[in-house]
Amino acid sequence: MDQKALIEQVVIPIAQVVVAVAVVPLVILYLQLVERKILGFMQVRLAPRRVGWHGLLQPVADAVKLLTKEDTIPAKADRFLFTLAPIVTVAPALAALAVIPIAGTPFHLFGYEVRPWITDLNIGIVYLLAVSSLGIYGIILGGWSSNSKYSMLGALRSSAQMISYEVPLGFALIGVMMLAGSASTVRIVEAQQASGWWYILPQIVGFFCYFISAVAETNRVPFDLPEAESELVAGFHTEYSGMKFALFFLAEYTNMIVVSSIVTIAFFGGWLRPFPNVEGLAWLENGWVPLAPLVLGGFAGWLAGRRLGGGLNPLIVGLLLGGLLGFGIAAADVFGLASMRVPLLSGAFWFTLKVSFFLFVYIWFRGTYPRYRYDQLMQLGWKWLIPLSVGNVIVTGLVMLLRETP
Amino acid sequence: VTVVRSAARRGASPIVEALRSILLLELWVGLWVTLKNQFRPHITVEYPKETVELSPRFRGVPRLRFHPETGEELCIACHLCETVCPDDCIHIVSEKKPDGKGKRLVSFEINYERCCFCGLCVDPCPTKPLTAIYMSHDYEMADYKREGFVAPLRTLLDGIEPKEYKE
């Protein structure tokens, strides 16, 4: 192996792994602040504001607290498994990041080719499903080794729930894999580009099955029975404190990011712009430029609305003005935008935008829905989602067959 | 939102009813409510930084006051408030005035640990037109020691220095 290949195939992926493992926890710190903020606003509260401007340093304070807190192990806990459990939970969650592409085209750095994904497995989706289901072991081990009723009950609920929802989770993605003819995450997005539309259109049922199962799989509201604070204190991590608790926390949020990424890749065209084949909308490739005024306008309007107490109207006005400005800049080709296409930036912009939207949906659900009862949860999984997702696979297969045979 | 009102539901045909549950209409309505609420102005009062406006009849801790013009003590040491207090938290020591007419205060203590802020002590106070004892608008009472809650005459007249909130 010559030096160039060695660097491209070994050194760069390792660097990417380091970057991913370092960046994702930082993102999660702020994702958690965003969650608390949005939840607060949904409940007409202010959310954290004391640490830093509008609470911007709150995640730092939280991190310092978690890192310096005493790390207690219950006297009758199984010490080895108790320590092992958070590691077993967080490792698969981070490992799942390996096959997530954030942009489509490789770029060159100092003459070496860098791909915007760590690895492109030809069984990417299957790998994701396999790895994410490994996380259950950590939860069961944690719940069992704590030697506490609450932890044990939380772990039992969690294992039952995750095993039930794994089935529709897998089935929902089979439709996508059939349409794309591949299980590789990169190839799925490329297939969506070739077909001209995002797979949300032909696979809307699959999308619903997948997203609902995924919310259940990540143990989030309204399927947060494993931690159910009103019943089980904190579920499987009742006995955990300090850094071990932080690892469980990290795993939960990493799983959220991973799931949002899979939804984006499988159903919403990954790094593709909306309508990837319509030439007239090519300026969306520079989406990060024209959408910047939109976001800024919306933000200004939102701030004005909070200051003036005018409800939704200032936000809408801000969005409209910002959007018009953005459209103007992009359509009139100011600054020679059309020739200034940067695939990496464009891909990363659209991918991040879509992932952020689904993370917002997670928080939105949390602000809206009450928790399912245990039997309702099982009913939804076995009586609705599994038949629906299997039906989706059958219908997809039939339609594909009918379109191929003349 | 009106669509899901129960009155509207009762008249709905089974087909509409079925469509409603298949399309998860109520879940969408719920999402819309939370989405909308995000943009409502907040109602939180960031307490130490901002405070709510108190109504004139707000009952804070009971205190004593001077005559607004002459600046003399209003209290005539009649012990009525001490008698009426249901918590027995007022303790008055008085003596005959040297000129022999009426009484004056030696000490006047209110134990805020026991006070229930009922305002009954104000009602029988005989001084006119202002009552000597009144329900003030002070409510920031936290202290580190129990002794801090027994307010002597001076504190009752001058009030407690409000603590400034520092960022």
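Heads up: the protein sequence lines correspond to chains A and B, in order.
Residue 1 is where the first sequence starts when you use the working numbering, and the numbers rise one by one after that.
Residue 407 is where the second sequence starts when you use the working numbering, and the numbers rise one by one after that.
Each residue gets a CB set at the ideal place from its N, CA and C atoms; glycine is no exception.
Annotation: the stretch 62-127 of chain A contains the following complete segments of the alpha helix (DSSP H) (minimum length 4 residues), in chain order: 79-95. Annotation for Leu173 (chain A): the continuous alpha helix (DSSP H) segment containing it runs Lys149 to Ala180. DSSP lists B:Leu511 as the bridge partner or partners of Ser500 (chain B).
Following the DSSP letters along the chain, one finds Met42 (chain A) inside the alpha helix (DSSP H) bounded by residues Ile12 to Met42.
In this structure, A:Ser346 is the residue among A:Val51, A:Ser346, A:Phe208 and A:Arg220 with its C-alpha nearest to the C-alpha of Arg273 (chain A). A residue is called buried when at least 16 other Cβ atoms come within 10 angstroms of its Cβ; His237 (chain A) meets this threshold and is buried.
Nearest CB-CB separation between Thr396 (chain A) and chain B: not below the 8 angstroms threshold. Of all residues in the stretch 442-453 of chain B, only Lys442, Asn443, Gln444, Phe445, Arg446, Pro447, His448, Ile449, Thr450 and Glu452 come within less than 9 angstroms of chain A when Cβ atoms are compared, listed by chain position. Within its own chain, the residues whose Cβ lies closer than 6 angstroms to the Cβ of Thr72 (chain A), once the five positions on either side in sequence are excluded, are Ser241, listed in chain order. Under the DSSP assignment, Leu388 (chain A) falls in the alpha helix (DSSP H) whose first and last residues are Ile386 to Glu404. Scanning A:Tyr369, A:Ile102, A:Tyr374 and A:Leu377 for the CA closest to the CA of Gly436 (chain B) turns up A:Tyr369. Burial is judged here by how many other beta carbons sit within 10 angstroms of a residue's own beta carbon; Cys522 (chain B) has fewer than 16 and is exposed. In the DSSP assignment, Ile7 (chain A) falls outside any beta strand (DSSP E) and carries neither an H nor an E. The beta carbon of Arg49 (chain A) falls within 8 angstroms of a beta carbon belonging to chain B, placing the residue at that interface.
Residues of chain B whose Cβ lies closer than 8 angstroms to the Cβ of Thr89 (chain A) do not exist, since the nearest Cβ in that chain is about 29 angstroms away. Rounded to whole angstroms, the gap between the alpha carbons of Ala155 (chain A) and Gly235 (chain A) is 7 angstroms. Taking the beta carbon of Met42 (chain A) as reference, the chain B residues within 7 angstroms of it are Thr440, Asn443 and Gln444, listed in sequence order. Classified as buried, Trp271 (chain A) has 16 or more neighbouring CB atoms from the shown chains inside 10 Å of its CB. Around the beta carbon of Phe249 (chain A), a 10 Å sphere encloses 16 or more other beta carbons of the protein chains shown; the residue is thus reported as buried. When only Cα atoms are considered, Arg79 (chain A) and Leu94 (chain A) end up about 24 angstroms apart.
Distance check between Arg371 (chain A) and each of A:Val258, A:Leu232, A:Leu401 and A:Pro86 places A:Leu232 closest, using alpha-carbon atoms only. One Cα belongs to Val10 (chain A), the other to Leu321 (chain A), and the distance between them is close to 48 angstroms.
Look at Gly55 (chain A): its C-beta is not under 8 angstroms from any C-beta on chain B.
Of all residues in the stretch 20-39 of chain A, those with a C-beta nearer than 8 angstroms to a C-beta of chain B are Ile38, reading in chain order. Burial of Ser132 (chain A) is indicated by the presence of at least 16 other C-beta atoms within 10 angstroms of its C-beta.
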